[in-house]
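In terms of full-length UniProt numbering, the sequence shown has 282 at position 282, counting the first letter as 1, and numbering is strictly consecutive.
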Amino acid sequence: MNATAQLARLHDVRPAPAPKALSRIRLFGLDIVDATTDAVITRLLQPGRRTRLAFLNAHCGNIAARNPTYRDALVTAGMILPDGIGVEMAARMSGQSLTENLNGTDFTPRLLQAAARRGLSVFLLGGQPGVAAEAAERLGRDIPGLKIAGTRDGYDGMTDENAAVAAVNASGADILLVALGVPFQDNWLAKHEARLSPRITMGVGALLDFLAGRVKRAPAIVRKARAEWAWRLAMEPRRMARRYLIGNFAFLGRAYLDARAQRPAGDTARRVFDVTVSAAALIILAPILLLTALAIRLESGGPVLFRQTRVGKDGTPFTMLKFRSMYPDAEARRAALLATSDREGICFKSRNDPRITRVGRILRRLSIDELAQILNVLKGDMSIVGPRPALPEEVAAYPERAMGRLEVKPGLTGLWQVSGRAEIGFDKMIDMDLAYIRSRSLLLDTLLLALTARAVIGGRGAY
């Protein structure tokens, strides 16, 4: 029995188990951490552990594709954390998923809070003159007990790289945050890794500018909607247009090719089609989605999104999303309105439904309320094209023939949706769905997607 085990036995306790290795997924030939913020922080702060940390977002992926030095810096990093919705989309294209978005702007303060509780210190390197010092003051106010070992700007302070390394080491810092932009910050850290003494080193991009108040971060509602990139584009259109408008599409194209390489044939092509189209729609329609959310909140308060259990492929229930077009108590009033349905058969639909708000009528007329289901498509519960997702009570009342529509994922649009929607009775809808399932192909899906625009403009059956 070794000394540690003997001591533990004397005190009637067991030695603490070693932390488990973090799960990872493979994207673009890189190993990306798939874990929660708390799990990553616990791993990073494990005594005696040294780690060079990097983040991967769509912009980083595009640069890595054309900059071998930067790609090497990512490959040799101790951890690569997923940053942003683009990387999440790339994972879904390849049939994988990520537990959490670990973007540096949110992750780093959490890391520093945990570091402060352990008495660890941080050095801030980068930014324009004065930015690092202002960011340090902000961190000192926001995180009581955090030790600031030192600061140095990214201009005159980086003219002599040896002096910069010496200053960091002399400070005795445990954590080094470098804000020099991609790819320079990660290349610099990789180049000097063996000489730097901090146990955790990481490139943090614009974080110091955010902390110093030099750049305004998106409001919480925008960040929650995963549209912070749209906010930055609006704030700095000339500087960010190429990165986001062109760069995001380029990244999704690379993700598509990477997914094909990892998962050839079968349903992969349809999944890639779904994620590619929905991701592109999310980028293009971001301003409309944000304005819709604002209009709903201003008119009736309550949640922006309406969540409802629907039945998916093989009868599996899932939570379907819509932009809320009714008053918050709409579900409680539904039973009293069933007799007013304007539609034959099982599925309820009322042209003059009193539960619909004024904004909601506009959203329904233009089918904007359905756009929230883009998130369902990205998650994998729905496809871009397929049968309408049914309610559990509707499925419970299905005749046997109608059960065939559950053989595929429900769709955001489809044959029924482009042929008149609510004006089509239940039996005819089933005929259409079964005909689609027998004949479905990516070519047919593309045609139906094109016809959807005409159906939306015409507005037939939209109420």
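In this text, a Cβ means the ideal position worked out from N, Cα and C, and glycines have one as well. Keep in mind it's a predicted model, so treat the numbers as computed, not measured.
Other residues of its chain near residue i: CB distance less than 7 angstroms, five sequence neighbours each side excluded
i    : result
W188 : V178 and L180
Q96  : I25
L406 : V311, K313, D314 and G315
F210 : T105 and R217
A402 : I430
P237 : none
R9   : Bear in mind that a pLDDT of 45 at R9, under 50, signals an unreliable position, so the number given afterwards is only what the model happens to contain. Nothing meets the Cβ criterion.
A339 : Confidence is the limiting factor: at A339 the pLDDT is only 49, short of 50, which leaves the residue's position unreliable and the question unanswerable from this model.
Helix, strand or coil at residue i according to DSSP, with G and I counted as helix
i    : result
P237 : helix
F28  : coil
T319 : strand
M326 : strand
P144 : coil
A149 : strand
I288 : helix
R217 : coil
S441 : coil
A339 : With a pLDDT of 49 at A339, under the threshold of 50, the modelled position of this residue cannot be trusted, and the question is left open.
S278 : helix
S383 : strand
G86  : helix
Q113 : helix
V222 : helix
T309 : strand
V33  : strand
I374 : helix
I430 : helix
A390 : strand
T69  : helix
I424 : coil
T446 : helix
T268 : helix
T99  : coil
T51  : strand
Y155 : coil
V408 : coil
Selected residue, minimal CA-CA separation from residue i, among the options
i    : options                   : result
R117 : N101, L146 and E137       : L146
F318 : P389, R141 and D258       : P389
P82  : S121, M429, F123 and A35  : A35
P399 : G380, V359, I430 and I283 : I430
D369 : G301, L233, V418 and A295 : A295
I200 : L208, A190, I362 and L207 : A190
G172 : A149, G154 and Q185       : A149
P47  : G119, D106 and A166       : G119
L442 : V277, A397 and Y70        : V277
L305 : G360, A261, D274 and G29  : G360
D186 : A54, Q373, V395 and A396  : A54
A372 : T292, G404 and V408       : T292
G414 : I424, I374, E393 and Y436 : Y436
I80  : M403, L98, Q128 and L207  : L98
R214 : P183, G127 and S439       : G127
Q417 : V87, A450 and S439        : A450
I284 : P354, I374, G302 and I356 : I374
E137 : M202, R71 and L208        : L208
P198 : V168, A206 and A58        : V168
Residues near residue i by beta carbon distance below 8 angstroms, same chain, minus five either side
i    : result
A164 : L125, R152, G157 and M158
R232 : A218, M240 and Y244
G130 : D153 and A212
L290 : V222, A225, A227 and A230
L22  : V33, D34, A35, A39, V40, R43 and M79
R270 : S383, L442 and D445
P144 : A116
V408 : K313, S383, G386, P387, I437 and R440
N67  : P183
Cβ neighbours of residue i in the same chain (closer than 6 angstroms, five flanking residues each side left out)
i    : result
A279 : M89 and L252
E134 : A212
T446 : none
V272 : M93, Y256 and A259
L113 : In the sequence under discussion, the amino acid at residue 113 is Gln, which differs from the Leu named in the question. I143, listed in sequence order.
T452 : T413 and V418
Assumed close pair residue i, residue j - CB separation to whole angstroms, cut-off 8 angstroms
i    : j    : result
M326 : Q308 : The Cβ separation is near 11 angstroms, so there is no contact.
T108 : V204 : 6 angstroms
L176 : F123 : 5 angstroms
N62  : G84  : Incorrect: roughly 12 angstroms between the Cβ atoms, too far for contact.
L56  : V87  : 6 angstroms
A255 : M93  : 5 angstroms
A324 : G301 : The amino acid occupying residue 324 in the given sequence is Arg; Ala does not appear at that position. At roughly 10 angstroms, the Cβ-Cβ gap does not stay under 8 angstroms, so R324 and G301 are not in contact.
For residue i: DSSP bridge partner residues
i    : result
L176 : F123 and T201
V304 : Answer is none; V304 lacks a bridge partner.
L56  : P82
T413 : V385
I356 : M326
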